[in-house]
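K.L.:
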Amino acid sequence: MNNSYQSTFQGFARSVGRPGVRNYLLVLNLTGLTERAAQRVAAQLANACLISMPHGVAITGAGEEPVDATLLQLARHANVGAVLALSADRNKAARFAEALSDIGKPLDVLVLDSFHRDIASFCEAAAAIGRDRVLMLSSQRRTPFAMTELSLAVECGMSDPTSGIAANPLVGAFVDRFVGAGGTVIFGETAEWLGLENQLVERSACESVGRRILSAVRRREDAAKAIGLDLTNNNPNKANIDSGLTTIEDKAIGSVSKSGTLPISGVLSYGEPPQEPGLYAMDGPSYTPESLTGLVAADTQMALFTTGLGNSYVSALAPTLKITGNDQTASKLRNQIDFDCSDIITRNARVPDVLGRLDRALTDIASGDLTRGELMGEGNEVVARFGETL
Amino acid sequence: MSNRRIPAIGLQVMDTVGVVLEPVSASQEVVVQFGETSVSVTAVEAVPKFHKIALRDIAKGEEVTRSGTVIGEASAAIPAGGWLHVHNLRSRRGRRD
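Order-wise, the sequence lines are chains X and R.
Just so you know, my numbering puts 259 at position 259 of the first sequence, and the rest follows in order with no gaps.
When you read off a place in the second sequence, starting at 1, and then add 390, the result is the number in my numbering.
(1) I want to see whether chain R comes within less than 8 angstroms of D299(X), judged by CB atoms only; does it?
(2) Assess contact between the region 44-56 of chain X and the region 74-90 of chain X, defined as three or more Cβ pairs (one per stretch) separated by less than 8 angstroms. Is contact present?
(3) Can you list the residues of chain X that R381(R) reaches, using a CB-CB cut of under 8 angstroms?
(4) Mind listing which residues of the region 114-126 of chain X have their C-beta closer than 8 angstroms to chain R's C-betas, in chain order?
(5) Cutting at 6 angstroms between CB atoms, please list the residues of its own chain near P66(X), excluding the five before and the five after it.
(6) Assuming the contact rule is C-beta atoms closer than 8 angstroms, A75(X) and V83(X) should be a hit. Round their C-beta distance to whole Å, please.
(7) Output the distance between the C-alpha atoms of S138(X) and D68(X), rounded to the nearest integer angstrom.
(8) Considering only the beta carbon of each residue, do M158(X) and G379(X) sit closer than 8 angstroms?
(9) With distance defined between alpha-carbon atoms, name the residue in S52(X), A167(X) and P236(X) nearest to D338(X).
(10) In angstroms, rounded to a whole number, what distance separates the CA positions of P274(X) and Q10(X)?
(11) Give, in chain order, every residue of the region 194-226 of chain X whose Cβ lies closer than 7 angstroms to some Cβ of chain R.
(12) Looking at chain R, which residues of the region 245-275 of chain X have a Cβ within less than 7 angstroms of any of its Cβ atoms?
(13) Do S121(X) and R18(X) have their C-beta atoms closer together than 8 angstroms?
(14) Tell me whether E290(X) is buried or exposed, calling it buried when 16 or more other Cβ atoms sit within 10 Å of its Cβ.
(15) Is L196(X) closer than 8 angstroms to V440(X) when the C-beta atoms are compared?
(16) Under a CB-based cut-off of 8 angstroms, is I443(R) close to chain X?
(17) If you run the structure through DSSP and keep just helix, strand and coil, what is A13(X)?
(18) May I ask you to list the residues that DSSP assigns as paired with K322(X)?
(19) Tell me, which residues are paired with G32(X) by DSSP?
(20) In the DSSP assignment, find the unbroken alpha helix (DSSP H) run with R76(X) in it and report its ends.
(21) For D340(X) and T306(X), I'd like the C-alpha separation in whole angstroms.
(22) Should D160(X) be flagged as near chain R, meaning a C-beta pair shorter than 8 angstroms?
(23) Just checking: is the beta-carbon of S243(X) within a distance shorter than 8 angstroms of some beta-carbon in chain R?
(24) Please work out which residues of its chain come closer than 7 angstroms, Cβ to Cβ, to S40(X), disregarding the five sequence neighbours upstream and downstream, and give them in chain order.
(25) If we define contact as Cβ-Cβ less than 8 angstroms, is G462(R) a contact residue for chain X?
(26) Leaving out five residues before and five after R486(R) in sequence, what residues of the same chain have Cβ atoms less than 7 angstroms from its Cβ?
(27) For A349(X), which residues of its own chain have a beta-carbon under 7 angstroms away from its beta-carbon, when the five flanking residues on both sides are left out?
(28) Which residue marks the beginning of the alpha helix (DSSP H) containing T346(X), and which one marks its end?
(29) First and last residue of the beta strand (DSSP E) that includes E453(R)?
(30) Can you say whether A384(X) is buried or exposed, counting buried as having 16 or more other CB atoms within 10 angstroms of its CB?
(31) Run through chain X and tell me which residues come within less than 7 angstroms of I468(R), C-beta to C-beta.
(32) Run down chain X in chain order and give the residues with a C-beta less than 8 angstroms from the C-beta of F424(R).
(33) Kindly indicate if chain R contains any beta-carbon less than 8 angstroms away from that of L392(X).
(34) I'd like the ranges of any beta strand (DSSP E) spanning at least 3 consecutive residues and lying wholly in the region 430-485 of chain R.
(35) From N2(X) to R360(X), what distance separates their C-alpha atoms?
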């Protein structure tokens, strides 16, 4: 079956890196003083995507490097066609301009003091540049690519017992097929490996990968212990538990099943892109907005996001396909759910039969069909805080 | 309705729990499907939809397994056909004791 996977999509060629499934102007705000201006600029422009880090120069010391690295990765993302960076701090702007000089796509960096610190003229200048860039981007055309040129994020949020029975195993079966054919997939949410770490170690491509998995799990578990956090009612949360999930180990069975069964090629740091195709584990937070942004910063062009009870969060940059195995959620949340696989439970549908339907949904969205989250304008990116988020 | 058999899903045959696919009342028979094979158990109490039912007697302190994985330990004795949830199952992870 792996060899037979030959799906294609229509995407945007890039002079550097993977093809895009979208062609956004990224409005990248680097400082707190310019955040509202950046919001106004992005709101005026069609096909603009805003990513904002309002804490800006307040992030210092050991926390600065990983946050800046994540923002730079988001600017390099395959779904970004051009970057408009806004900053009230000249040094930060200069560092970003320097780091992005080889980005292979148009980059404009505007600094507030170039406009005598006048936010009105700063805003208008940014919008004028943005309009030109959006027009230019709209003249670019899609061309065909193999689906396996994509890197995909897999994520779950607001899980219930159907997640572990239907949606996550379905995604896992797709991951096996996709990675087996040469694609790339990244899963994260380290705290949801608890109880399953020995199975993940057995799947490690080499010993050092296994060691990194064990140390990542130990670090999260120790962090929870150190602050006296009882995982029960935190992860799993109260809604997970009311739905029928019990312990973190119970929830982890479903969560890990979305990574499929293939060997794990490597463990990535938050937002770190893999260097080769394959299946990767990212050591990252379980809190959905931070987790998904870490996976997207690693240049995943789309996300497969399973939910049991419904979770409205989607990535701004990577179209996020919402998948549920809960028939009631599918019928109640028509404006959120892109893919209903509840027939695996209600009508005993076979996973291999549902896989073909899932693949068609993915290729359609990769080629430009909107997800429900895009339609609703729900997309956002939330960079993790360092010190840790569990 | 009490003589209707309620479907449930198990993941591995050695598991001590199944997940019921419909709400269960006391004394209803639950049939837990493990792929091609099935195990049946009579509920001794109500079990909410998608919650877990014990497939055999579980002693206090005993490991509970699902999908061949330990998901915690019984914090109280649980009879076969009992509702297994956070009131009688506790995690073994992230604990300070």
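We put the beta carbon where it would ideally sit given N, CA and C, even for glycine.
P.N.:
With the structure as the only source:
(1) Cβ-Cβ to chain R under 8 angstroms: no for D299(X).
(2) Verdict: yes, contact present.
(3) Lying before the first or after the last residue shown, residue 381(R) is absent from chain R, which here runs from 391 to 487.
(4) With the criterion set as a beta carbon lying under 8 angstroms from some beta carbon of chain R, the region 114-126 of chain X has no members that meet it.
(5) Only F386 meet the Cβ criterion.
(6) Correct: roughly 5 angstroms between the Cβ atoms.
(7) Cα to Cα, the separation comes out at about 29 angstroms.
(8) No, Cβ-Cβ distance for M158(X) and G379(X) is not below 8 angstroms.
(9) With distances taken between CA atoms, D338(X) lies nearest to A167(X) out of S52(X), A167(X) and P236(X).
(10) Computed Cα separation, rounded: 23 angstroms.
(11) For chain R, the residues of the region 194-226 of chain X that bring a beta carbon within less than 7 angstroms of one of its beta carbons are L194, G195, L196, E221, A224 and K225, in chain order.
(12) Cβ contacts with chain R come from T246, T247, I248, E249, D250 and I253.
(13) With respect to the 8 angstroms criterion, S121(X) and R18(X) are not classified as neighbours on the basis of their beta carbons.
(14) Burial call: buried.
(15) Outside the shown range of chain X (1 to 390) lies residue 440(X), about which nothing can therefore be said.
(16) By the rule that beta-carbons nearer than 8 angstroms mark a contact, I443(R) does not touch chain X.
(17) A13(X): coil per DSSP, three-state reduction.
(18) K322(X) has F305(X) as its beta-bridge partners, per DSSP.
(19) Beta-bridge pairing links G32(X) to no other residue.
(20) Counted as a single uninterrupted DSSP element, the alpha helix (DSSP H) harbouring R76(X) occupies residues E64 to R76.
(21) If I take the Cα positions, the gap works out to 10 angstroms.
(22) At a cut-off of 8 angstroms between beta-carbon atoms, D160(X) makes contact with chain R.
(23) Interface residue (Cβ-Cβ distance to chain R less than 8 angstroms): S243(X) is classified as such.
(24) As written in the sequence, residue 40(X) is Arg, which differs from the Ser given in the question. The beta carbon of R40(X) is closer than 7 angstroms to those of C123 in its chain, skipping five residues each way along the sequence.
(25) Chain X, which has a Cβ nearer than 8 angstroms to the Cβ of G462(R), makes this yes.
(26) So no residue of the chain qualifies.
(27) Apart from the 5 residues on each side of it in sequence, A349(X) sits with its Cβ closer than 7 angstroms to the Cβ of D343 in its chain, given in chain order.
(28) T346(X) -> alpha helix (DSSP H) spans D343 to T346.
(29) Counting along the chain, the beta strand (DSSP E) containing E453(R) begins and ends at E453 to R456.
(30) It is buried - the Cβ of A384(X) has at least 16 other Cβ atoms within 10 Å.
(31) Around I468(R), no beta-carbon contact reaches into chain X at under 7 angstroms, the shortest distance being about 12 angstroms.
(32) Residues of chain X passing the Cβ test: none, with the nearest at roughly 12 angstroms.
(33) Lying outside 1 to 390, the shown extent of chain X, residue 392(X) is not represented and no answer is given.
(34) If only complete runs of 3 or more residues are kept, the region 430-485 of chain R shows the beta strand (DSSP E) at 442-444, 453-456 and 459-464, in order along the chain.
(35) Because the pLDDT at N2(X) is just 44, under 50, the model does not fix this residue reliably, and the point stays unresolved.
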